[in-house]
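The opening residue of the sequence shown carries number -13 in our numbering; numbering runs sequentially from there.
A short worksheet on the structure shown next.
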Amino acid sequence: MQDNLLFMIKRIHSYCVKHGNTHMEQHDLTMAQAGFLLILSEYDNHQVSLKEIEKRMGTSQPTIAGIACRLEEKELISSFTDENDKRIKIIKSTQKGKDKLVIIHQGLEQVNKKLLEDFTETEKIILTELLLKLYTNIQNP
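Here it is as structure tokens:
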């Protein structure tokens, strides 16, 4: 079973989610909410359409809407309709949401550190290149 690539990827994913959620729970967040806030941070003014977040996270609209609702309840984001197209919902990080980014990055760094603790710098570079190649393959089915 150890040589099964899909099994190993699943185990690594499960580890990352479990340990990431453990860190995030201490700060009243989930990994999904952290990912949502990280995506927002990549855009000018920390704002983007809900549809774009849905695409970036590769998650269904109802799931993304639920995450957005919980983040808004926690006052980490605000939402409003696009002034040019009322069908488009725009999401924006609040200052409180931006402040959570430090905690999110710390949690991700802890998980990355554990995953890569026995790797040389060269191995880290090679692994990153190979993972990017895998990621590219699934983006272009």
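Here a beta-carbon is modelled for each residue, glycine too, at the ideal position from N, C-alpha and C.
Distances from the alpha-carbon of Glu11 to those of Thr80, Ser79 and Lys86 put Lys86 closest. A straight line joining the alpha-carbon of Ala18 with that of Ile89 spans about 14 angstroms.
Phe105: not part of any beta strand (DSSP E); DSSP gives it neither H nor E.
Under the Cβ criterion (8 angstroms, minimum of three pairs), the stretch 29 to 37 counts as touching the stretch 68 to 85.
Annotation for Glu40: Gln47 and Ile50 place their beta carbon closer than 6 angstroms to its own, counting only its chain and skipping 5 residues before and after. Put simply, the stretch 57 to 73 does not touch the stretch 105 to 112. Fewer than three CB pairs are less than 8 angstroms apart.
C-alpha of Phe(-7) to C-alpha of Lys84: approximately 35 angstroms in a straight line. The closest CA to that of His13, considering only Leu118, Leu116 and Leu57, is found on Leu57. A direct Cα-to-Cα measurement between Thr114 and Lys82 gives close to 32 angstroms. Rounded to whole angstroms, Ser64 and Leu23 show a C-alpha spacing of 12 angstroms.
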